[in-house]
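**Q** Numbering (my numbering), first residue to last: 735 to 1165. Backbone N, C-alpha and C define an ideal beta-carbon position, used for all residues, glycine too. Attaching a single structure in structure tokens format; questions to follow.
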Amino acid sequence: MVQKWEGETNNIMIMKKYMYFILIGIPLVIAPFTSDYFYLPKLLVLYFIVTLLIVIHFFSLKKKKFDNDLITKVLIIYLGILVVSTLFSTDPFTSLYGKFRRQEGLFALISYALVFLFSKTYFIEDKQLDRFLNTSMVVVALYGLSQYFGFDPIPRDEIRMGWTTRAFSTIGNPNFLGSYLVLMLPIPILRFLEKGSKYHLLVASFVFSCLIVTFTRSAQLGFLVIFLLVAFSIIRNKLLLKRFIILSTLLVVLTLGFNEHSQGMVLGRFLSIGRDVQTVIDQDEGFEKAGSIRIYIWTRSLALVIDRPLLGYGLEALEMNFVNRYRDEMIEQYGVIYLVDKVHNEYLHIAVSSGILSLIAYLVFISLVVKKGIKMIKINRSYLPYFIAVIAYLVQAFFNISVVSVAYIFWLYLGIISNENVFTNEIDHNT
């Protein structure tokens, strides 16, 4: 057993609690009656917590450096490319601080990276986290369900005034709420399967129900990935298989019930994925409108990448460049100007924003983390919920975007599955 002086241990426990708050508290942060209810308030709290973690790490602990492994080195390379891209951005100020109601500039991405490093170094899971995390996700889910059923106690801003059929809860957008729920859902599902806990089954039912009423196709695909990976992970365990059948039955009943209540909208949204894919394959008339005009955005953004392949146009600088280049074309084809500030494909968005080199560095970083996660699952299955959540998020990100109301959780999860000490009580933070 490694001896640690009491102050060192206490400071590490404090850091653990701050990271718990990132998971539990920040998703609940909103600021009604301000110009930005959902995004900037969460980001400011994240900045505050990250600052506290930095102070403790560098001024209150004996260990002053993060592990200098390959994952960390690649992450530093990625951040370095982002810094250079920002210096050569078409709008450096916006690339640094982020666009209004997006806020995902360089400072935000550096904060995500620090969350990853702190999680990779100091995160420890205990029973307290399970209890409070489940409470937090249920609060988010219940608020989303109440919106779907027509009750919203918080006055809406001008953007969300007309959103009457899709839940957005405390996250601010149905698509982003879907991303959050994809990250949360594997935890109660696997807790139920492993423990047979009715409490976790109830939590999973609330979270899944809210995911349904976002009516977000990327989240539906994310859930499909979760379902398949969970099924694969327990297929040889007869006890877990019985619980899996119970879980599957409940999820089917909930899906059919909400589909009936929404007059077929649930299955309609899911089946439209296949229709859109077929439309694109066949190159039917108007195929570029498929996926809520995603095909149009993707093809035009790819052309932008070709024009500035190395460093891109700058973080958060897409809208100005997209509109300037395609204004006349959009008016001619669609009669409107789409204010495209995100590509709606996280990987293509990285390429157009900060260049192909940035995308390569990011993908290498993610690949190394996933490889480490597979290794950790073989050692301890407790990593599995976080690993499945990461994979599901990566799949849905092909049709969605990174946002400050959700991305910090994804990066914290990346740190968890890279951390060899998450589920151990004796941790050497001094070597």
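Closest to residue 833 by C-alpha separation, out of 1051, 820 and 1079, would be which residue?
**A** Your numbering for residue 833 matches position 99 in the sequence shown. That would be 1051, whose Cα lies nearest to the Cα of residue 833.
**Q** With a threshold of 6 Å on Cβ separation, who are the neighbours of residue 1144 within its own chain once the five nearest residues in sequence on each side are excluded?
**A** Walking along the sequence shown from the start, residue 1144 turns up at place 410. Cβ within range, chain order: 1127.
**Q** According to DSSP, is residue 745 part of a helix, a strand, or is it coil?
**A** As a first step, residue 745 is located in the sequence shown; it is residue number 11 there, counting from the start. Here residue 745 sits in helix by DSSP.
**Q** What is the rounded straight-line gap between the Cα of residue 794 and the Cα of residue 747?
**A** Start at 1 with the first residue of the sequence shown, and residue 794 comes out as number 60. Start at 1 with the first residue of the sequence shown, and residue 747 comes out as number 13. Looking at the backbone, the Cα of residue 794 and that of residue 747 are separated by about 12 Å.
**Q** Just the C-alpha distance for residue 875 and residue 919, rounded to the nearest angstrom, thanks.
**A** In the sequence shown, the residue the question calls residue 875 occupies position 141. In the sequence shown, the residue the question calls residue 919 occupies position 185. Rounded to the nearest whole angstrom, the CA to CA distance from residue 875 to residue 919 is 11 Å.
**Q** What do you get for residue 838, buried or exposed, if any count of 16 or more other CB atoms within 10 angstroms of its CB means buried?
**A** Working through the sequence shown from its first residue, we reach residue 838 at position 104. The residue is buried, with at least 16 neighbouring Cβ atoms inside 10 Å.
**Q** Below 8 Å between beta carbons: does that hold for residue 1030 and residue 866?
**A** Along the sequence shown, one-based indexing puts residue 1030 at 296. Along the sequence shown, one-based indexing puts residue 866 at 132. Not closer than 8 Å, so no.
**Q** Name the two residues that bound the continuous alpha helix (DSSP H) containing residue 1062.
**A** What you label residue 1062 is simply residue 328 of the sequence shown in a count that begins at 1. That run of the alpha helix (DSSP H) goes 1052-1068.
**Q** Measuring alpha carbon to alpha carbon, tell me which residue in 770, 841 and 980 is nearest residue 938.
**A** In the sequence shown, residue 938 corresponds to position 204, counting from 1. Checking every option, the nearest Cα to that of residue 938 belongs to 980.
**Q** Beta carbon of residue 857, beta carbon of residue 1140: below 8 Å?
**A** Against the sequence shown, residue 857 aligns to sequence position 123. Against the sequence shown, residue 1140 aligns to sequence position 406. It is not a contact, given that the beta carbons lie outside the stated cut-off.
**Q** I need the straight-line Cα distance from residue 1151 to residue 803, nearest angstrom please.
**A** Taking the sequence shown and counting its residues from 1, the one referred to as residue 1151 is at position 417. Taking the sequence shown and counting its residues from 1, the one referred to as residue 803 is at position 69. Each residue's alpha carbon lies about 15 Å from the other.
**Q** Within 10 Å of its beta-carbon, does residue 1062 have 16 or more other beta-carbons around it, so buried, or fewer, so exposed?
**A** The residue you call residue 1062 lines up with position 328 of the sequence shown. Residue 1062 should be labelled exposed.
**Q** Secondary structure at residue 1074, three-state DSSP: helix, strand or coil?
**A** Translated into the one-based positions of the sequence shown, residue 1074 becomes position 340. Here residue 1074 sits in coil by DSSP.
**Q** With distances taken Cα to Cα, identify the nearest neighbour of residue 1148 among 762, 829, 848 and 932.
**A** Translated into positions along the sequence shown, residue 1148 becomes position 414. If we check each option's Cα against that of residue 1148, 848 comes out closest.
**Q** Report the residue from 1123, 870, 927 and 791 whose alpha carbon sits nearest the alpha carbon of residue 743.
**A** Position 9 of the sequence shown, counted from the start, is the residue given in the question as residue 743. Measuring from the Cα of residue 743, the nearest candidate turns out to be 791.
**Q** Where residue 1025 and residue 1006 are concerned, what is the direct C-alpha to C-alpha distance, given to the nearest angstrom?
**A** If you number the sequence shown from 1, residue 1025 lands on position 291. If you number the sequence shown from 1, residue 1006 lands on position 272. Note that residue 1025 scores 48 on pLDDT, short of 50, meaning its location in the model is unreliable and no value can be drawn from it.
**Q** Are the stretch 937-956 and the stretch 1119-1134 in contact at 8 Å, needing three or more beta carbon pairs?
**A** yes
**Q** So, residue 956 versus residue 1000, is the Cβ gap smaller than 8 Å?
**A** Reading the sequence shown from its first residue, position 222 is the one you call residue 956. Reading the sequence shown from its first residue, position 266 is the one you call residue 1000. No, these two residues do not count as a Cβ contact at 8 Å.
**Q** Residue 964 to residue 1122, Cα distance in whole Å?
**A** If you number the sequence shown from 1, residue 964 lands on position 230. If you number the sequence shown from 1, residue 1122 lands on position 388. Annotation: residue 964 to residue 1122 spans about 8 Å, alpha carbon to alpha carbon.
**Q** Suppose the cutoff is 7 Å on Cβ atoms and the five residues either side in sequence are ignored; what does the same chain contact list for residue 859 look like?
**A** Counting from 1 along the sequence shown, the entry for residue 859 is found at position 125. Within the same chain, residue 859 has close Cβ partners 1156 and 1157.
**Q** Do you know offhand how far residue 892's Cα is from residue 1043's?
**A** Along the sequence shown, one-based indexing puts residue 892 at 158. Along the sequence shown, one-based indexing puts residue 1043 at 309. Distance between the alpha carbons of residue 892 and residue 1043 is about 37 Å.
**Q** Please report the straight-line C-alpha distance between residue 781 and residue 846, rounded to a whole angstrom.
**A** Here residue 781 is taken as the residue at index 47 of the sequence shown, counted from 1. Here residue 846 is taken as the residue at index 112 of the sequence shown, counted from 1. Rounded to whole angstroms, residue 781 to residue 846 spans 10 Å at the Cα level.
**Q** Please identify the residue among 1125, 1091 and 1101 whose C-alpha is closest to the C-alpha of residue 815.
**A** Taking the first residue of the sequence shown as position 1, residue 815 is located at position 81. When each option's Cα is compared against that of residue 815, the closest is 1091.
**Q** What number of angstroms, rounded off, separates the C-alpha of residue 1049 from the C-alpha of residue 770?
**A** The residue you call residue 1049 lines up with position 315 of the sequence shown. The residue you call residue 770 lines up with position 36 of the sequence shown. The straight-line gap from Cα to Cα measures roughly 20 Å.
**Q** Between 1079, 1047, 758 and 1072, which lies nearest to residue 697 when the distance is taken from Cα to Cα?
**A** Coverage of the chain is limited to positions 735 through 1165, which leaves residue 697 absent and any answer about it impossible.
**Q** Distance check for residue 1058 and residue 1064, CA to CA, integer angstroms please.
**A** Within the sequence shown, residue 1064 is the residue found at index 330, counting from 1. Within the sequence shown, residue 1058 is the residue found at index 324, counting from 1. Cα-Cα distance, rounded: 11 Å.
**Q** Does the beta-carbon of residue 758 have 16 or more other beta-carbons within 10 angstroms, so that it is buried, or is it exposed?
**A** Position 24 of the sequence shown holds residue 758. Buried, since its Cβ has 16 or more Cβ neighbours within 10 Å.
**Q** Tell me the rounded alpha-carbon separation between residue 751 and residue 1077.
**A** Here residue 751 is taken as the residue at index 17 of the sequence shown, counted from 1. Here residue 1077 is taken as the residue at index 343 of the sequence shown, counted from 1. Between residue 751 and residue 1077, the C-alpha separation is close to 35 Å.
**Q** Taking all protein chains shown into account, decide if residue 767 is buried (16 or more other Cβ within 10 angstroms of its Cβ) or exposed.
**A** Mapped onto the sequence shown, residue 767 falls at position 33. That one is exposed.
**Q** Would you kindly work out how many angstroms separate the C-alpha atoms of residue 806 and residue 992, rounded to a whole number?
**A** Mapped onto the sequence shown, residue 806 falls at position 72. Mapped onto the sequence shown, residue 992 falls at position 258. Spanning the two alpha carbons is a distance of roughly 44 Å.
**Q** What would DSSP say about residue 1102, mapped onto helix, strand or coil?
**A** On the sequence shown, residue 1102 is found 368 positions in, with the first residue counted as 1. Three-state result, residue 1102: helix.
**Q** Can you give the beta carbon distance from residue 967 to residue 1153, rounded, assuming they're within the 8 Å contact cut?
**A** Numbered from 1 along the sequence shown, position 233 holds the residue referred to as residue 967. Numbered from 1 along the sequence shown, position 419 holds the residue referred to as residue 1153. Actually they do not touch by this definition, with Cβ atoms about 20 Å apart.
**Q** If you draw a straight line from the alpha carbon of residue 932 to that of residue 923, how long is it in whole angstroms?
**A** One-based indexing of the sequence shown puts residue 932 at position 198. One-based indexing of the sequence shown puts residue 923 at position 189. Approximately 11 Å between the Cα atoms of the pair.
**Q** Helix, strand or coil: how does DSSP classify residue 1145 here?
**A** For the purposes of this step, residue 1145 is identified with residue 411 of the sequence shown, where counting begins at 1. Three-state DSSP puts residue 1145 in a helix.
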